[in-house]
Amino acid sequence: MKIAVLEKVKNLETPLYVYDTQKLRRNLDALVSAFQPLGYHVHYAVKANTNKEIMGIIQSYGLGADCVSGNEVQRAIDCGFAAKDVVFAGVGKSDAEINKALDLDIFCFNCESIAELEVIDGLAHKKNKKARIALRLNPNVNAYTHSYITTGLEENKFGINIWELDKVLGVLKRAKNLELKGLHFHIGSQITELTPFKNLCNRVNEIQEWFFNHQIILEHINVGGGLGIDYHQPDLEIPDYQAYFQVFRSFLTLRPNQSLHFELGRSIVGNMGTLMSRVLYIKKGVKTNFAILDAGMTELIRPALYQAYHKIENWSKWAEPNSEKYDVVGPICESSDSFGKAVDLPTTERGDIIAIRSAGAYAEVMASSYNLRKKADVLLV
Ligand code: LLP
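Going by the numbering used here, the residue at position 305 of the sequence shown is 319; the numbering climbs one at a time, nothing skipped.
Pasting the structure below:
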């Protein structure tokens, strides 16, 4: 596979995102065979990768879509996702975005504040419609991941805090154009241990008890996404979906006829993408050499923003052993524009093709035009 991709990339401009659709399909096969027998619903977290072909493939496996902007909702519909399978979260939904989702009659708004409930109610009233909503609650469960991608703690901006629930019920009683359908949670992303998900289940059970005691029936529970991938082993076949869903099966108590929903992004698309780039220059540093690439933080901001690790390989020298250390950096005028320090690589030269692995999620979608950079192309293989 690597050699076939290398042959193609040799004739193409870099930086270039390469998406391996076979790998995507293998991930989806594993995902579907893990959740379907349990009767769960999975919504693809569109924010991870919005490429239309990729989303088309994901849709063909029967997943729904999880969106965080009006444009993502529209992209999901354009890629064939049914509106009845679209959920819409986000702390700052604009009136125009809410109106669009009301017109499309999506499955559910995941509401993040009391103020938002009031606005959706008002907008739905003007259209003489009922908006189906879920309360996004902040469970105050630690995801033990990078602080920038932790969302389920009281200090985070996401969700409604549990101590506001009495007030929320008051608002819902008055809001004639809202229909409370479920509860939504999402504790964070790139979670590599299953314990935080188990803790989430226990917390959801307690919260469900509260609703039960208030005689409120909830049709669905949505536990969000967050299942992490192994960035150190990009060739690892699949994330362990069986073990992941088993946690919810074992620890979450669903009420009769209640459905369980998930919003997975990274684990579906993360390992199918590689950012291909060429070495522009090798420069002698004080302690290590610099390998200066034509790709930078404008194509993959994760290392600069979250100190994230991505495996770096020299595919032009794939048969040669690693013999030197390089600081692998981009061309952008920022010191944080670095993909890795003291990276072990074979002796590397100008023109070599460098693969930055696991760039299928939160890479192309977070690209910027800083330094007036042009958007990198995509190659599907
Ligand atoms: N649901 C909600 C409400 C979310 O906020 C997210 C991700 C997901 C689902 C999907 O999470 P996943 O399964 O992909 O972990 N840019 C960061 C990640 C930000 C995640 C934002 N929310 C990164 O590159 O690591």
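Using N, Cα and C, we set each Cβ at its ideal position, and we do this for glycine too. Treat the numbers as computed from the prediction; the structure is a model and nothing was measured.
- Here the alpha carbons of L77 and L278 stand approximately 10 Å from one another.
- The closest heavy atom of ligand 1 lies less than 7 Å from the beta carbon of M380.
- Rounded to the nearest angstrom, the gap between the Cα atoms of K98 and L386 is 40 Å.
- H200 has its CB nearer than 7 Å to a heavy atom of ligand 1.
- Under DSSP, L307 shares a beta bridge with V293.
- DSSP places C347 in no alpha helix (DSSP H); its state is neither H nor E.
- Runs of the beta strand (DSSP E) spanning 3 or more residues and lying entirely within the region 226-294 occur at 234-236, 273-278, in chain order.
- With 16 or more other Cβ atoms inside 10 Å of its own Cβ, V60 counts as buried.
- Counting the other Cβ atoms within 10 Å of the Cβ of R316 gives 16 or more, which makes it buried.
- Taking the Cβ atoms as the reference, M286 lies roughly 7 Å from N41, within the contact range of under 8 Å.
- For A318, the shortest separation between its Cβ and any heavy atom of ligand 1 does not lie below 7 Å.
- Around V87, the same chain offers C81, V100, F102, K114, A115, L118, I120 as residues with beta carbons nearer than 7 Å, after the five sequence neighbours per side are excluded.
- Distances between the C-beta of A148 and the heavy atoms of ligand 1 are all 7 Å or more.
- Taking K297 as reference, the option from E220, I71, I306 with the minimal CA-CA separation is I306.
- Between the region 250-257 and the region 218-237, the count of C-beta pairs closer than 8 Å stays below three; the two stretches do not touch.
- Between the alpha carbons of S352 and H246 lies a gap of roughly 17 Å.
- The beta carbon of A356 sits closer than 6 Å to those of T302, K339, all from its chain and outside the five residues before and after it, given in chain order.
- Residue nearest to E27 within the set A377, M380, I368, Y384 is I368 (criterion: CA-CA distance).
- Counting only residues of its own chain and dropping the five nearest sequence neighbours on each side, G310 has a CB closer than 7 Å to the CB of G344, P345, I346, D351.
- Where Y320 is concerned, the enclosing alpha helix (DSSP H) starts and stops at 316-320.
- Counting every other CB atom within 10 Å of its CB across the protein chains shown gives K195 a total of 16 or more, marking it as buried.
- A110 counts as exposed, since fewer than 16 other beta carbons sit within 10 angstroms of its beta carbon.
- With at least 16 other beta carbons inside 10 angstroms of its own, G104 counts as buried.
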